[in-house]
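Here the structure comes first, spelled out in structure tokens, and everything after it is commentary.
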Amino acid sequence: MSVLTIALPAEAALPALQAFAGSAFTAVRPFLGLGVVAAVLLAFKPLLIGLLRAALLLVKPRQTLEQRAERRTLQSILLLNRMARDLDGAQPNLANELRALASRG
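When you line the sequence shown up against the numbering used here, it's residues 123 to 227, in that order.
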């Protein structure tokens with residue numbers, strides 16, 4: 123009995139083992155690709171966030187201070203009018219005062 127008799131069965135099983143390893147690698151390959159993409163995105167996250175914010179400013183620029191103050195004033199006027207409508211039946215005097223405050227701006 124020689125060493126070759128022991129090696130021949132292992133050599134016969136080698137193509138099947140290679141085919142199994144190849145199919146296993148084929149199944150795992152998309153997950154490896156997704157892992158690499160996730161690692162790159164994680165590494166460049168601050169850069170990507172900055173680029174997205176810059177693109178957002180191009181599409182929708184920030185409002186000026188006057189525009190924001192005007193919007194805040196309009197919201198408060200609408201709130202006072204809404205409160206006056208709610209109180210109109212129960213407390214008409216308070217509703218009139220709220221409307222007067224809203225008309226001042």
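From the three backbone atoms N, C-alpha and C, an ideal C-beta is built for every residue, glycine too.
Residue i versus residue j: straight-line alpha-carbon distance, rounded
i	j	result
V181	R175	10 angstroms
R193	P183	16 angstroms
V158	L179	30 angstroms
Q197	L220	14 angstroms
G155	F147	12 angstroms
Helix, strand or coil at residue i [DSSP, three-state]
i	result
R143	Note that residue 143 is Ala in the sequence shown here, rather than Arg. A143 falls in the helix class under three-state DSSP.
P183	coil
D228	The requested residue 228 does not occur in the structure, where the chain is confined to residues 123 to 227.
Q189	helix
F153	helix
Q213	coil
G227	coil
Assigned exposure category for residue i - 16 Cβ within 10 Å defines buried
i	result
A149	exposed
L187	exposed
L202	buried
A160	exposed
A165	exposed
A108	Residue 108 lies beyond the stretch modelled for the chain, which goes from 123 to 227, so this question has no answer here.
Any non-hydrogen atom of the ligand NAP closer than 7 angstroms to residue i Cβ
i	result
N203	The ligand NAP is absent from the structure shown, which contains no ligand whatsoever.
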